[in-house]
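First the structure, in the form of structure tokens, and then the observations on it.
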Amino acid sequence: MNTDTPITLVACEIFADELPAFLHKNGRNYEVVWLEAALHTDITKLKSKLECTLSSLADAQKRTCILYGNSCLPDAKELFSRHGAQSFSACNCIEAFLGREEKQKYEAEGCFIMTPGWVRAWPSIITSLGWDAIDVRMNLGRYTKILVFDPVVNPLTDEEVINFFDLTGLFVETLPLSLSHFDRLITNLLSMASR
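Here my numbering is used: the first residue of the sequence shown is 269, the next is one more, and so on.
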């Protein structure tokens, strides 16, 4: 494909605050196709949406970058490769923000790691999984607390934090998040796609 062909980004809406901030900060203007957050809770639906989106972009002769973790879909790498799409090297969105070592460190401490986007996506996740409040607490019971890493692009309100605590029954701690790791991943991804 011609290197003058525009690049289209296919991204999970979990990046809906951070990706536009990166593009604006770096003077980048790309078409972004957003897919709803939490599609990974239904692998068949996620695969179908990605397949349909990637097929239409390939038919339109567009170079494509994928902002989905390689673990969000079991055969993600094969699917992306089949459509000539580039993807970043993170296993999921949390690793894309924190890096593998940081993510593993907090997970080893029993923390459930989130971003403001994830907290806001939870109502749709709960609905798609068919959970009620008891299911939420049972499924999150193995965690000691919830860490929300916030890049302060669209911070949670106090009310959102309190509501999430009420839903989960877990202490919610908010920590600052530098987007430097995420920025490097996106920069490298766009560089690969530009070749």
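Beta carbons: idealized from backbone N, C-alpha and C, even for Gly.
Item: Supposed close pair L303, K315 - CB separation, criterion 8 Å; Value: Contact flag wrong, Cβ pair sits at about 11 Å.
Item: Assumed close pair C333, L457 - CB separation to whole angstroms, cut-off 8 Å; Value: 5 Å
Item: CB of N360 within 8 Å of CB of G337, strictly; Value: yes
Item: Closest residue to T455 among D285, N294, Y411 and L325 (Cα-Cα distance); Value: N294
Item: Beta-carbon proximity list for L287, same chain, < 8 Å, skipping 5 on both sides; Value: L277, A279, V300, L335 and I454
Item: Own chain residues within Cβ distance below 7 Å of E363, not counting five before or after; Value: G337 and K371
Item: Residue nearest to M460 in terms of C-alpha spacing, selected from A353, E441 and A401; Value: A353
Item: CA nearest to the CA of L325, picked from H308, F348, R452 and T395; Value: F348
Item: 8 Å Cβ cutoff met for T436 and I402; Value: no
Item: Beta bridge counterpart(s) of L303 as assigned by DSSP; Value: C280
Item: Proximal residues to L366 (C-beta, below 6 Å), its chain only, five neighbours per side dropped; Value: none
Item: Beta-carbon contacts of F290 that lie in its chain and below 8 Å, excluding the five residues immediately before and after; Value: R296, L447, F450, D451 and I454
Item: Contact under 8 Å by Cβ, F380 with L424; Value: no
Item: Nearest-angstrom Cα separation, counted from V421 out to A284; Value: 10 Å
Item: Uninterrupted beta strand (DSSP E) stretches inside the region 375 to 457 (no shorter than 3 residues); Value: 379 to 382, 413 to 418 and 440 to 444
Item: Helix, strand or coil at M269 [DSSP, three-state]; Value: Because the pLDDT of M269 is 47, which lies under 50, any placement of that residue in the model is unreliable, and the number read from its coordinates should be weighed accordingly. Note: M269 maps to coil in three-state DSSP.
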